[in-house]
Structure formats: C-alpha cells, structure tokens
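S.K.: The structure is given below, and queries will be raised subsequently.
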Amino acid sequence: MIYLIQIAGSRPNRHPAGLARGPGSASTLPRGFTLIELLVVLAMIVALSAIVIPVYQGYVDDARLAAVRKDMALISVHLDRFRTDNAGSLPDSLAETPASHLRDPWGNPYQFLNIEDADTAGLGMVRKDKNLVPLNTDYDLYSKGKDGESKAPLTAAASHDDIVRANNGAYIGPASDY
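Start counting the sequence shown at 18; every next residue gets the next number (the working numbering).
Structure representation (structure tokens):
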C-alpha cells in the first residue's frame with residue numbers, strides 16, 4: 018500500500034496546474050465573452066461589411082467596364098481589317114470575324130449591326146440616343162450589360178446598363194452616360 022503524506026501547512030491542490038485560486042482573488046479561471054461583447058463585435062463586423070461590400074462591387078463593375086471597352090476596341094480592329102480585306106464592306110455578323118468567340122463579362126455575345134449595308138428593315142434596330150438620333154453611321158456594337166436586355170433607344174429602361182459604341186467609335190461606355 019502506498020500512503021500519501023501531507024506536508025505540514027500545505028493543502029492538496031484540487032485545481033489543474035496554473036488555474037488555482039489565489040488568496041483574495043475571485044477566480045483566475047478563464048472566462049468566456051459576455052453576450053454584450055459578442056453583440057458589439059458582431060455590430061462592428063456588420064458596419065464594416067456595409068462599407069466594404071459596395072466599394073468592392075464598384076471595383077468589380079469598373080473592371081467589367083474596362084474589359085468591355087478592351088473587347089470592343091479589339092472587335093473594332095477586326096471589323097476594320099475585314100473592311101480593308103473586302104473592298105470597304107463590313108460583315109453581316111461578327112461570326113465572319115475572328116472576334117466571333119468573344120463574350121462580355123456577363124457571358125452574353127456582343128451585338129453588332131452593319132448600318133452602312135443595312136436595308137431599310139434593319140435600320141429600325143439602329144441604336145439611338147435620347148433625341149432618337151442614331152449613335153453611329155457605320156455600325157453599332159454594344160454589350161447588353163448586366164441584365165442581358167436591350168432596346169434600340171438608349172432611353173429605354175432595358176438599355177440603361179448597356180455599354181455602347183457611339184460617334185463611330187469616339188465613345189465607348191455606359192449608355193446611361195451618353
């Protein structure tokens with residue numbers, strides 16, 4: 018049998034190492050966070066999210082607009098080469114150019130309308146500004162934007178998020194800013 022001998026004046030330690038209560042202290046045991054502390058931290062996270070998310074979305078929208086501008090400039094180069102190679106004629110569709118595979122950042126194909134060679138029926142689809150004046154005299158090139166919908170006049174609600182080519186390529190940007 019093994020006997021434990023208690024040294025005079027000492028008491029057995031019933032608490033794990035480092036967690037013993039000292040004389041005069043309420044407790045040295047670790048304690049959890051109070052509900053108020055957790056709610057304050059949660060409120061701070063929500064407030065920061067309310068600021069950060071719109072800023073981030075703005076950066077994403079700017080990046081998508083830059084990608085559309087780059088793509089439209091590339092498509093315009095392909096259309097100019099086509100015109101040079103085909104005695105000044107533009108293609109009937111983008112499928113006749115190397116740019117036929119390009120899609121806007123929302124996954125939609127770019128829209129093209131040959132205005133120079135269009136018959137009178139095709140001229141009804143020409144993009145028009147707020148005064149109903151055609152945007153271009155050579156061809157229309159645009160992205161339907163985030164909603165994937167579009168109407169010929171830029172004043173239509175479905176056209177506000179479109180990215181258009183106007184003034185025969187001098188402007189490429191949001192329809193709402195033109």
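All residues carry an ideal CB built from backbone N, CA and C; glycine is no exception.
1) Ile53 by DSSP, collapsed to three states: which one?
2) Could you tell me the distance, in whole angstroms, from the CA atom of Val150 to the CA atom of Val57?
3) Determine contact between the region 117-130 and the region 151-160, defined as no fewer than three beta-carbon pairs at a distance below 8 angstroms.
4) Report back the beta-carbon spacing between Lys163 and Asp146 to the nearest angstrom; my notes put them in contact at under 8 angstroms.
5) Note down the Cα distance separating Tyr188 from Arg182, rounded to an integer number of angstroms.
6) Taking only the alpha-carbon atoms, compute the straight-line gap between Lys87 and Arg48 and give it to the nearest angstrom.
7) How far does the beta strand (DSSP E) with Ala183 in it extend, from its first residue to its last?
8) Excluding sequence positions up to five away, which residues of its chain have a Cβ less than 8 angstroms from the Cβ of Ile92?
9) Can you give me the C-alpha to C-alpha distance between Ile62 and Asp134, rounded to a whole angstrom?
10) Give the single residue among Asp194, Val85, Thr154 and Ser176 whose Cα lies nearest to the Cα of Asn184.
11) How far does the beta strand (DSSP E) with Ile189 in it reach, from first residue to last?
12) Could you check the C-alpha separation between Ala60 and Val69 for me, to the nearest Å?
M.R.: Result, derived from the coordinates:
1) In the sequence shown, the residue the question calls residue 53 occupies position 36. Under the three-state reduction of DSSP output, Ile53 falls in the helix class.
2) In the sequence shown, counting from the first residue as 1, residue 150 sits at position 133. In the sequence shown, counting from the first residue as 1, residue 57 sits at position 40. Taking the CA atoms as reference points, Val150 sits about 56 angstroms from Val57.
3) Here the region 117-130 lies against the region 151-160, with 3 or more beta-carbon pairs under 8 angstroms apart.
4) Looking up residue 163 in the sequence shown gives position 146. Looking up residue 146 in the sequence shown gives position 129. That belief does not hold up - the Cβ atoms of Lys163 and Asp146 are roughly 21 angstroms apart, past 8 angstroms.
5) Residue numbering aside, residue 188 sits at position 171 when the sequence shown is read from its first letter. Residue numbering aside, residue 182 sits at position 165 when the sequence shown is read from its first letter. Taking the straight line from one Cα to the other gives about 6 angstroms.
6) Here residue 87 corresponds to residue number 70 of the sequence shown, with the count starting at 1. Here residue 48 corresponds to residue number 31 of the sequence shown, with the count starting at 1. The straight-line gap from Cα to Cα measures roughly 58 angstroms.
7) As a working mapping, residue 183 is identified with position 166 in the sequence shown. Element bounds for Ala183: Ile180 to Ala183.
8) Taking the first residue of the sequence shown as 1, we reach residue 92 at position 75. The beta carbon of Ile92 lies closer than 8 angstroms to those of Leu111, Thr114, Ala116, Leu119, Tyr127, Phe129 and Leu158 in the same chain, with the five residues before and after it left out.
9) Within the sequence shown, residue 62 is the residue found at index 45, counting from 1. Within the sequence shown, residue 134 is the residue found at index 117, counting from 1. Distance between the alpha carbons of Ile62 and Asp134: 58 angstroms.
10) For the purposes of this step, residue 184 is taken as residue 167 along the sequence shown, with counting starting at 1. For the options Asp194, Val85, Thr154 and Ser176, the alpha carbon positioned closest to that of Asn184 is the one of Thr154.
11) Against the sequence shown, residue 189 aligns to sequence position 172. Going by DSSP, Ile189 is part of the beta strand (DSSP E) stretching over Tyr188 to Pro191.
12) For the purposes of this step, residue 60 is taken as the residue at position 43 of the sequence shown. For the purposes of this step, residue 69 is taken as the residue at position 52 of the sequence shown. Between Ala60 and Val69, the C-alpha separation is close to 14 angstroms.
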